[in-house]
Amino acid sequence: MLAPGVSGRVITWCLALAVLLVGTVIGSAMLGSVRIDPLTVSKAVLNLTGFVAYDVPSAHQTIIADVRLPRIALAAIVGFALAAAGTVMQGFFRNPLADPSIIGVSTGAAAGAVAAIAFPALVPFSSVHIPAFVGAVGTAFFVYAVATEGGRTPVATLLLAGVAIQAFLGAVISYMLVHSGESLREAVVWMMGHLHRSSWNDVTFALPVTLVGVAILGAYTREMNVLLLGEEDAHHLGVDVERTKLLLLALASIVTAAGVAVAGVIGFVGLIVPHIMRLVVGPDHRILLPTSALAGASFLVATDTIARLDVLPLPFGLEVGTPIVPVGIVTAALGAPFFLYLLTKREVHAL
Numbered sequence: 001m002l003a004p005g006v007s008g009r010v011i012t013w014c015l016a017l018a019v020l021l022v023g024t025v026i027g028s029a030m031l032g033s034v035r036i037d038p039l040t041v042s043k044a045v046l047n048l049t050g051f052v053a054y055d056v057p058s059a060h061q062t063i064i065a066d067v068r069l070p071r072i073a074l075a076a077i078v079g080f081a082l083a084a085a086g087t088v089m090q091g092f093f094r095n096p097l098a099d100p101s102i103i104g105v106s107t108g109a110a111a112g113a114v115a116a117i118a119f120p121a122l123v124p125f126s127s128v129h130i131p132a133f134v135g136a137v138g139t140a141f142f143v144y145a146v147a148t149e150g151g152r153t154p155v156a157t158l159l160l161a162g163v164a165i166q167a168f169l170g171a172v173i174s175y176m177l178v179h180s181g182e183s184l185r186e187a188v189v190w191m192m193g194h195l196h197r198s199s200w201n202d203v204t205f206a207l208p209v210t211l212v213g214v215a216i217l218g219a220y221t222r223e224m225n226v227l228l229l230g231e232e233d234a235h236h237l238g239v240d241v242e243r244t245k246l247l248l249l250a251l252a253s254i255v256t257a258a259g260v261a262v263a264g265v266i267g268f269v270g271l272i273v274p275h276i277m278r279l280v281v282g283p284d285h286r287i288l289l290p291t292s293a294l295a296g297a298s299f300l301v302a303t304d305t306i307a308r309l310d311v312l313p314l315p316f317g318l319e320v321g322t323p324i325v326p327v328g329i330v331t332a333a334l335g336a337p338f339f340l341y342l343l344t345k346r347e348v349h350a351l
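When we follow this note's numbering, the leftmost residue of the sequence shown carries the number 1, and every step to the right adds one.
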C-alpha cells in the first residue's frame, strides 16, 4: 500500500503525463505528407475501438489506422519499455549513467537480428523479432551467470562481464556485417533503431511483454528504494537481495528485449528520460518508475515524428526541411547534447 501523499503524487503525475502522451499521439498522427485535422484524427482512432462509428473520409481512416497509428503505438510501447528498464537499471547499479543496454541486452539483440538478416538460411525464423529477442535475453542471462559466484552477484562484476560480452558480440556483429553482402544496408538501418516498417503485428508482439514486465517491476518499487541504501542495509531491512537482484535484472532485460526486438537499437531513451524525471519527481521509485515510463512513451513518439517527416512544422506557420532518418539517430542527436548540458550544470549525480 502506498502512503496517501505518495499515492496522490503518483496519480497526479501519471494523469498529467497520460494527457501529454495522448496529445503527442494526436499531434503525431496529424502530421505527414497528408495533413489531417485533430478532430478527424480523434474520430479515426475512436473508430478503431468498435464502440463508435464516426463519419471519417475513408482515405483518412486508412492513413490513420494502417499507416500512422501502428508506428505511433509501437513508438509509445518501445519508449515506455526502454524508459522503465532504464529506471530499473539506474537504480540497480546506483549510477545515472546506466541504461538498458549496460549488460549487453541491446548488443545481443543486434547479434540475433543481424544474423537473421545477413544469414537467413542459418536462422530458423521468418521474422527478425524472435532471434533479436532470444539474443537479447540470452545475453543478459549469460552475463548474469558469468558474474555469479557462490550464489552472489557483485554489481561491479556484472558490469565488467557486460562490457566484455558487448565487446565480443560487437566483433561478431562486425564480422557478419562484412560478409552480409546485399543485406548490409538493412542490417545497418536496424542497428540504428527504426520504426519505418511498423505494423500491428509488431505492436502485438511487444505490448503484452512490456505491460506484464513493467507491472511486475512496479510491485518491487519498495525493494528498489531499499537497495539504494546498499545491499547490506537492504538485507538487514528484510530484502532478499540476491533474489531481488535476479528478478529485477531479468524483468528489465526482458522488457528491453521486447522493445529492441521490434525497433532495433535506440539509444538515450533509457538514459535521459529516467534521469530527467528523477530531477523532477525525486528518486522514489514508486513515483519514478511509472512517470519515467509514460514520459519515455511521449519522448519516443515525438522523436519518431521528427524522424519520419521531411518537413517539420514550426510555430507561427513556419516550416523547416528535415531528412527522413532512423529514429535512433534523432534520439542520439537530441539526447547527447542535453546530457552534456546536464553535466555542465552539475545536474548528473550519483544515486
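Where is the CB? At the ideal position from N, CA and C, for every residue including glycine.
Collapsing the DSSP output to three states places residue 120 in a helix. Counting along the chain, residue 290 sits inside the alpha helix (DSSP H) bounded by residues 285 to 308. With a cut-off of 8 Å on Cβ pairs, the region 143 to 157 is not in contact with the region 112 to 125, counting fewer than three such pairs. In the three-state reduction of the DSSP assignment, residue 313 falls in the strand class.
Under a 10 Å Cβ-count criterion, residue 175 is classified as exposed, with fewer than 16 other Cβ atoms of the shown protein chains found around its own Cβ. For the region 48 to 126, the full-length alpha helix (DSSP H) segments reaching 4 residues or more read 58 to 62, 69 to 93, 105 to 118 along the chain. For residue 335, the enclosing alpha helix (DSSP H) covers residues 327 to 344. Counting the other CB atoms within 10 Å of its CB gives residue 53 a total below 16, which places it among the exposed residues. In this chain, the alpha helix (DSSP H) harbouring residue 174 covers 155 to 178. In the DSSP assignment, residue 205 falls within the alpha helix (DSSP H) that extends over 200 to 218. Within the same chain, 77 come within 7 Å of residue 207 by CB-CB distance, once the 5 residues on both sides are set aside. In the same chain as residue 283, and ignoring 5 residues on each side of it, no C-beta atom comes closer than 6 Å to its own. Around the beta carbon of residue 107, 16 or more other beta carbons lie within 10 angstroms, which makes this residue buried. Remark: C-beta atoms of residue 276 and residue 82 do not approach each other more closely than 8 Å. About 6 Å separates the Cβ atoms of residue 301 and residue 72, confirming a contact at the 8 Å cut-off.
Selection 127, 27, 148, 213 evaluated against residue 88 yields 213 as nearest (Cα-Cα). Residue environment for residue 345: exposed (fewer than 16 other C-beta atoms within 10 angstroms of its C-beta). Boundaries of the alpha helix (DSSP H) around residue 133: 129 to 147.
Counting along the chain, residue 254 sits inside the alpha helix (DSSP H) bounded by residues 241 to 263. Spanning the alpha carbons of residue 133 and residue 105 requires a straight line of approximately 9 Å. Between residue 226 and residue 239, the beta carbon gap of about 5 Å places them in contact (Cβ cut-off 8 Å). Cβ neighbours of residue 137 within its own chain (closer than 7 Å, five residues either side excluded): 253, 254, 257. For the 8 Å CB-CB criterion, residue 307 and residue 290 do not form a contact.
Between residue 79 and residue 203, the C-beta gap is not smaller than 8 Å, which leaves the two residues out of contact. In the structure shown, residue 320 falls within a strand segment according to DSSP collapsed to helix, strand and coil. Between residue 75 and residue 195, the gap from beta carbon to beta carbon is short of 8 Å. Taking all protein chains in view, the Cβ of residue 57 is surrounded by fewer than 16 other Cβ atoms within 10 Å, so the residue is classified as exposed. Counting other Cβ atoms within 10 Å of its Cβ, residue 319 stays below 16 and is therefore classed as exposed. Nearest to residue 287 by alpha-carbon distance, out of 310, 328, 224, is 224. Judged by DSSP secondary structure, residue 233 falls within the alpha helix (DSSP H) whose first and last residues are 231 to 236. In this structure residue 147 does not touch residue 164 by the C-beta definition: roughly 10 Å separates them, more than the 8 Å allowed. A Cβ-Cβ separation of about 5 Å places residue 297 in contact with residue 21 under the 8 Å criterion. The closest CA to that of residue 102, considering only 249, 329, 273, is found on 249. Taking residue 251 as the centre and dropping the five residues before and after it, the same chain places the C-beta of 213, 216, 217 closer than 7 Å to its C-beta, in chain order.
Judged by their CB atoms, residue 151 and residue 231 are not nearer to each other than the 8 Å cut-off.
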